[in-house]
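Asker: Heads up: the sequence shown runs through residues 96 to 946, numbered per this note's numbering.
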Amino acid sequence: MAMYKTALPPHIEGVGTAALLTPLYTSAAPGTAVKPGTKLRILCVGDSITAGVRSTEVNVGYRASTISNRASNSFPQRPNIFLVHAGTNDMNPNNSNTTEGTDPVAASQRLGAMIDRIFVACPDAVVLVAMIINTCREAQYVSNVKAFQALVPGVVNQRRLAGKHTLAVNFTSMPTSLFPDCLHPADAGYKVMGDYWFDFLTQVPKEWITAPVGPDPKRVDGIDANGGLDPDIPAPDYGTSPVQTTSKQTIANAAAAAANPNTPRMCNTKPHWYSTGKIAAGKGFMGEWKFARTWDGAGQLASGIGRDPKYVRLVDMNGDGKADYVWIDPNSGAMYCWTNNLPNTSWSRAGNNTNGLIAPGRGTPGVGVQLADLNGDGRADYLAITPETGAVRVWWNYGPDAASANGWKFVDGGQVARGSAHANWKTLRFPDINGDGRADYVYIGEGGSLSAFLNSGSVGGQDVRWSALGGIAEGDASIPSVDHLVFADIDGDGRDDYLIWEAQSGLTGYLNQRTQREGVPKWINQGGPRTLAPGTKKPFNETRLADMDGDGKADHVHVGPNGALTVVYNRGAANTTVTMDGLRFADIDGDGLDDYIWVYPDTGAPTVYINKGPDANDGLGWRWNTVNGGNPITPGQGPSATVQFGDINGDGKDDYLTIDPKTGALRVWLNKGPDANSPTGWRFDEQGLMATGFGRGDRVRIADIDGDGKDDYIFLRPNGGTTIYRNTWDPTTPPRTGIWSALPQADAGGIGQRPEEISFYDVNGDGKADYVWTSAITGKARVYYNNYPPPAGGKMWVDGGEVAGGVGTSGSCVRWATLQNTGRASYIAVNPTNGAIAAWLSGCDDLGPAP
Numbered sequence: 096m097a098m099y100k101t102a103l104p105p106h107i108e109g110v111g112t113a114a115l116l117t118p119l120y121t122s123a124a125p126g127t128a129v130k131p132g133t134k135l136r137i138l139c140v141g142d143s144i145t146a147g148v149r150s151t152e153v154n155v156g157y158r159a160s161t162i163s164n165r166a167s168n169s170f171p172q173r174p175n176i177f178l179v180h181a182g183t184n185d186m187n188p189n190n191s192n193t194t195e196g197t198d199p200v201a202a203s204q205r206l207g208a209m210i211d212r213i214f215v216a217c218p219d220a221v222v223l224v225a226m227i228i229n230t231c232r233e234a235q236y237v238s239n240v241k242a243f244q245a246l247v248p249g250v251v252n253q254r255r256l257a258g259k260h261t262l263a264v265n266f267t268s269m270p271t272s273l274f275p276d277c278l279h280p281a282d283a284g285y286k287v288m289g290d291y292w293f294d295f296l297t298q299v300p301k302e303w304i305t306a307p308v309g310p311d312p313k314r315v316d317g318i319d320a321n322g323g324l325d326p327d328i329p330a331p332d333y334g335t336s337p338v339q340t341t342s343k344q345t346i347a348n349a350a351a352a353a354a355n356p357n358t359p360r361m362c363n364t365k366p367h368w369y370s371t372g373k374i375a376a377g378k379g380f381m382g383e384w385k386f387a388r389t390w391d392g393a394g395q396l397a398s399g400i401g402r403d404p405k406y407v408r409l410v411d412m413n414g415d416g417k418a419d420y421v422w423i424d425p426n427s428g429a430m431y432c433w434t435n436n437l438p439n440t441s442w443s444r445a446g447n448n449t450n451g452l453i454a455p456g457r458g459t460p461g462v463g464v465q466l467a468d469l470n471g472d473g474r475a476d477y478l479a480i481t482p483e484t485g486a487v488r489v490w491w492n493y494g495p496d497a498a499s500a501n502g503w504k505f506v507d508g509g510q511v512a513r514g515s516a517h518a519n520w521k522t523l524r525f526p527d528i529n530g531d532g533r534a535d536y537v538y539i540g541e542g543g544s545l546s547a548f549l550n551s552g553s554v555g556g557q558d559v560r561w562s563a564l565g566g567i568a569e570g571d572a573s574i575p576s577v578d579h580l581v582f583a584d585i586d587g588d589g590r591d592d593y594l595i596w597e598a599q600s601g602l603t604g605y606l607n608q609r610t611q612r613e614g615v616p617k618w619i620n621q622g623g624p625r626t627l628a629p630g631t632k633k634p635f636n637e638t639r640l641a642d643m644d645g646d647g648k649a650d651h652v653h654v655g656p657n658g659a660l661t662v663v664y665n666r667g668a669a670n671t672t673v674t675m676d677g678l679r680f681a682d683i684d685g686d687g688l689d690d691y692i693w694v695y696p697d698t699g700a701p702t703v704y705i706n707k708g709p710d711a712n713d714g715l716g717w718r719w720n721t722v723n724g725g726n727p728i729t730p731g732q733g734p735s736a737t738v739q740f741g742d743i744n745g746d747g748k749d750d751y752l753t754i755d756p757k758t759g760a761l762r763v764w765l766n767k768g769p770d771a772n773s774p775t776g777w778r779f780d781e782q783g784l785m786a787t788g789f790g791r792g793d794r795v796r797i798a799d800i801d802g803d804g805k806d807d808y809i810f811l812r813p814n815g816g817t818t819i820y821r822n823t824w825d826p827t828t829p830p831r832t833g834i835w836s837a838l839p840q841a842d843a844g845g846i847g848q849r850p851e852e853i854s855f856y857d858v859n860g861d862g863k864a865d866y867v868w869t870s871a872i873t874g875k876a877r878v879y880y881n882n883y884p885p886p887a888g889g890k891m892w893v894d895g896g897e898v899a900g901g902v903g904t905s906g907s908c909v910r911w912a913t914l915q916n917t918g919r920a921s922y923i924a925v926n927p928t929n930g931a932i933a934a935w936l937s938g939c940d941d942l943g944p945a946p
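1. Where does Ala-945 sit, in a helix, a strand or coil, going by DSSP?
2. Since Asp-807 is in the beta strand (DSSP E), which residue starts that stretch and which ends it?
3. Put Gly-630 into one of helix, strand or coil per three-state DSSP.
4. For Arg-232, which residues of its own chain have a beta-carbon under 7 Å away from its beta-carbon, when the five flanking residues on both sides are left out?
5. Can you tell me whether Asn-501 is helix, strand or coil according to DSSP?
6. What's the C-alpha gap between Ile-228 and Gly-658?
7. Taking the beta strand (DSSP E) that Gly-938 belongs to, which residues open and close that run?
8. Could you pull the DSSP bridge partners for Ile-705 from this structure?
9. Which complete beta strand (DSSP E) runs does the stretch 544 to 568 hold, if anything under 3 residues is left out?
10. Could you tell me the alpha carbon to alpha carbon distance between Ser-937 and Phe-855, rounded to whole angstroms?
11. Between the stretch 496 to 511 and the stretch 812 to 829, are three or more C-beta pairs nearer than 8 Å?
12. So Lys-617 and Gln-611 are in contact, right, with Cβ under 8 Å, and what is the actual spacing, rounded?
13. Contact between the stretch 197 to 204 and the stretch 238 to 256: three or more CB pairs below 8 Å?
14. Mind checking whether Gln-739 and Trp-764 have CB atoms under 8 Å apart?
15. So, using beta-carbon positions, are Leu-678 and Arg-910 closer together than 8 Å?
16. Count the other CB atoms within 10 Å of the CB of Val-421; is the residue buried (16 or more) or exposed (fewer)?
17. Quick one: any contact between the stretch 813 to 826 and the stretch 848 to 862, if contact means 3 or more CB pairs under 8 Å?
18. What are the start and end residues of each continuous beta strand (DSSP E) run of 3 or more residues lying completely inside the stretch 325 to 402, in chain order?
19. What residue from Leu-914, Gln-235, Val-247, Ala-876 has the CA that sits closest to Ala-207's CA?
20. Taking the straight line between their C-alpha atoms, what separation do you get for Gly-741 and Ser-600?
21. When the Cα of Thr-928 is compared with those of Ala-497, Met-381, Gly-556, which residue comes out closest?
22. Pro-275 CB to nearest chain C CB: under 8 Å?
23. Which whole runs of the beta strand (DSSP E) in the stretch 735 to 794 are 3 residues long or more, in chain order?
24. Does DSSP put Val-615 in a helix, a strand or coil?
25. By how many angstroms is the C-alpha of Leu-784 removed from the C-alpha of Ala-598?
26. Provide the residue(s) that pair with Arg-524 in DSSP beta bridges, ordered along the chain.
27. Does Asn-926 come out as helix, strand or coil in the three-state DSSP assignment?
28. Taking Pro-310 as the reference, which of Arg-173, Trp-390, Pro-275, Tyr-369 has the closest Cα?
29. Kindly indicate which three-state DSSP category Asn-239 falls into: helix, strand or coil?
30. Kindly list the residues whose CB is nearer than 8 Å to the CB of Ile-574, restricted to its own chain and excluding five residues on each side of it in sequence; keep chain order.
31. On the three-state DSSP scale, how would you describe Met-288?
32. Run the CB neighbour count on Gly-516, radius 10 Å, all protein chains shown included, and call it buried at 16 or more, exposed below.
33. Beta-carbon separation of Ser-551 and Ile-800 under 8 Å?
34. Within 10 angstroms of its Cβ, does Arg-560 collect 16 or more other Cβ (buried), or is it exposed?
35. Among residues of its own chain, excluding the 5 on either side of Tyr-605, which ones have a beta-carbon nearer than 7 Å to its beta-carbon?
36. Quick one: Cα of Thr-758 to Cα of Gly-903, how far?
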């Protein structure tokens, strides 16, 4: 039998072969070398108490024997140091994970078998075995733990006397005040626990420690997986604006060709586009883009479920706009859920299981599971990430379903992303960068730089498509690590912002500002630490950002030791408009041409520039006459996002309209034209409420569907389908909400695209508005021609195919307007920051090339 002959530190209890060698905590100075020049490859082995260390074997609820079985998967990586903390669950009189019982002696034998198994696989290793931390739970649990602690030195000493490099290390002096649930350390407790382990490592005889065998393992669950942090993410490429100055002659030639008198007013085939270059320098201004923080502390929102808080997620599972409470099992990836009933403060258990289980594990541990809405239906889907490749497999979330297993319907969608180098469990995120409701594929590189793939596809469908964007952010050198970078919509504009945690959960960062290239924002710096949120003096990694009350803005939520939620509501605001947001085109003077209108963002007051067409005496070559000295021609009636224009009474002049953002209710001010008695020189007569609405105001369109000269009310469903009400205005009767008549024969079934990308304009000049889809990503346009009234057995909307191939800008920067007396809408590109425009005038191609 080998004898231990190394001189021992004086504080190790006992001397000689019969000694029970048990180092005590001595507060080793930080930076003390364990063994200079020798690499340490450390494997932490244990139950849920071990969860505080990265890349560990964490086995929630497991006993020594099951921990041993799972830990053996890591033995081939040949650690040269093992830190073992096992036995807590063996002593738990309430543990239902096994039938092995709670006898301390039997548990110590299982611990010994684990140690033997380690040395069989790694005979050169040093194994430190903890006399486990105390508990302050029920008396029987406390008694069991103390008995087990006393047995550990003997178990370890037997192996040491047999020549193994092992020591029992004493954690019994750690105070239970560090364990909020009387069992697991909080973050402060893990720091102390780390100090203990480090101290014990410095006491190991240096000759015991040898270099690890073989190459370092690839850390598939850490930041080094799949190539690690990308050092070469390029700077964002915003592209070149298509709004460029040409010559007056170019503008004149394009206008003459598009309005050729030999061209029929109604095109029989596709438009032929004539490029003008810049024809208006733009009006208006940008928003301030500064977040004015206001946080409303509301206290505890949920008492928790008594499980490890690290695995609590707050995401919208049922599509009601409010984040629900989700717990992901760290080992299996199984999902448990309770739905958010605010303003009622109670929570409802999701599914049909008493424990809240709605999805079993899918073979990926909790750290590799993300929850994000990939198809824009408002519900977070279940994503399993492969850390070696960044590949993504999805289970589509269809919400509560009594007929489905666990009372919740998930459908396996298979692999939807094959991955990208440098994307792993640490670096890969799924924020919504462009505000289309679909989570994008974004990975973090060195310095917080970002590389992205934009997610597109049909709303609620399973046809996810990815567009590579390259670099979308250069990063921020102040970010301590990727863990401090979080994406959430702080200002309520629908786009996730780039936010940075400070240690005690304060926030700073950058607001997400749209550019002409979809999904490649400019990031607007909000200033120094805690500019966006002061923090709650709780550790940032215990805090989540999630919209708890459904107002569109991320709230600040602390997850306590038992998973309890304490919320601070986000009541802040920011004017995040770009100049382009105020741009409208409408025929204000009734001459058949659409005029340039800029609407003030806060009041909705319109400034108007009358379209006079090509003019060699104009600076650019196209004249826009100022009305009222460039001041508004009527007071505003609401924020610019609520303002539209349309001809309600059929007099040829577009009226001023507001659409309620929540209900879609329509209010009308009739355009009566120039009026010398009006302070603004133009008269609008208020008509009051004229439609009660059907839902969200941003899904309402006003356009003439039946060709009678009066604009109709169109409500868009999430898939682009319509509910259309015909305008039956009669000038002989007073205005009333009853002027609308359902027109179901004109309804479109939808094309699976977002309402934000659908508009109605007369593309072929027949006097009826066509259904136009302008792709947000490419700016390409596809038209479905209006065939009202549809012939018997015929189509209402006839697919005209792609009519515009895009001009190098996103669809959000595209407008349509009738700029010439042809009745046909032209394709217009807008510079988002200054409102300047360039036009592609619509001519017909059924006569061949223009002369």
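Just so you know, even glycine gets a beta-carbon here, dropped at the ideal spot from N, CA and C.
Answerer: This is what the structure gives:
1. Annotation note: pLDDT 37 at Ala-945 (below 50); position unreliable, coordinate value reported separately. DSSP, reduced to helix, strand and coil, places Ala-945 outside both helices and strands of the structure shown, so it counts as coil.
2. Residues 807 to 811.
3. Look at Gly-630 here: in three-state DSSP terms it is coil, with no helix or strand label.
4. So the list reads Cys-277, Leu-278, once near-sequence residues are dropped.
5. Correct three-state label for Asn-501: helix.
6. The straight-line gap from Cα to Cα measures roughly 22 Å.
7. Element bounds for Gly-938: 932 to 939.
8. In DSSP, Ile-705 forms a bridge with Asn-720.
9. DSSP runs (the beta strand (DSSP E)) wholly in the stretch 544 to 568: 545 to 551, 560 to 568.
10. Distance between the alpha carbons of Ser-937 and Phe-855: 16 Å.
11. Short answer: they don't touch.
12. Not confirmed; about 11 Å, so no contact.
13. Touching, yes, given that three or more Cβ pairs across the two stretches are closer than 8 Å.
14. Cβ distance not < 8 Å, so Gln-739 and Trp-764 don't count as in contact.
15. In contact: Leu-678 and Arg-910 (Cβ atoms closer than 8 Å).
16. Classification for Val-421: buried.
17. The stretch 813 to 826 is in contact with the stretch 848 to 862.
18. Complete beta strand (DSSP E) runs here, min 3: 366 to 375, 390 to 397.
19. Position check: residue 207 holds Gly in this sequence, whereas Ala was assumed. Just measuring C-alpha positions, the residue of Leu-914, Gln-235, Val-247, Ala-876 sitting nearest Gly-207 is Val-247.
20. Distance between the alpha carbons of Gly-741 and Ser-600: 48 Å.
21. Closest option to Thr-928, Cα to Cα, is Met-381.
22. No chain C appears in this structure, which consists of one protein chain only.
23. Runs found: 738 to 741, 750 to 754, 761 to 769, 777 to 786.
24. DSSP places Val-615 in coil when its eight states are reduced to three.
25. Ala-598 and Leu-784: Cα-Cα distance of roughly 51 Å.
26. Residue pairing from DSSP places Arg-524 in a beta bridge opposite Val-537.
27. Shown here, Asn-926 sits in coil according to DSSP, grouped into three states, outside any helix or strand.
28. Comparing Cα positions, the closest option is Arg-173.
29. DSSP places Asn-239 in helix when its eight states are reduced to three.
30. Counting only Cβ-Cβ distances below 8 Å, and skipping sequence neighbours, we find Gly-542, Gly-543, Leu-580, Ile-595.
31. If DSSP states are grouped into helix, strand and coil, Met-288 belongs with the helices.
32. Checking the sequence, you will find Ala at residue 516 rather than Gly. Residue environment for Ala-516: exposed (fewer than 16 other C-beta atoms within 10 angstroms of its C-beta).
33. No Cβ-Cβ contact shorter than 8 Å links Ser-551 with Ile-800.
34. Looking at its Cβ environment, which holds fewer than 16 other Cβ atoms inside 10 Å, Arg-560 is exposed.
35. Cβ-Cβ distances below 7 Å link Tyr-605 to Asp-592, Tyr-593, Trp-618, Ile-619, Asn-620, Gln-621 in the same chain, with the five nearest sequence neighbours on each side left out; the list follows chain order.
36. Thr-758 and Gly-903 have their C-alpha atoms some 35 Å from each other.
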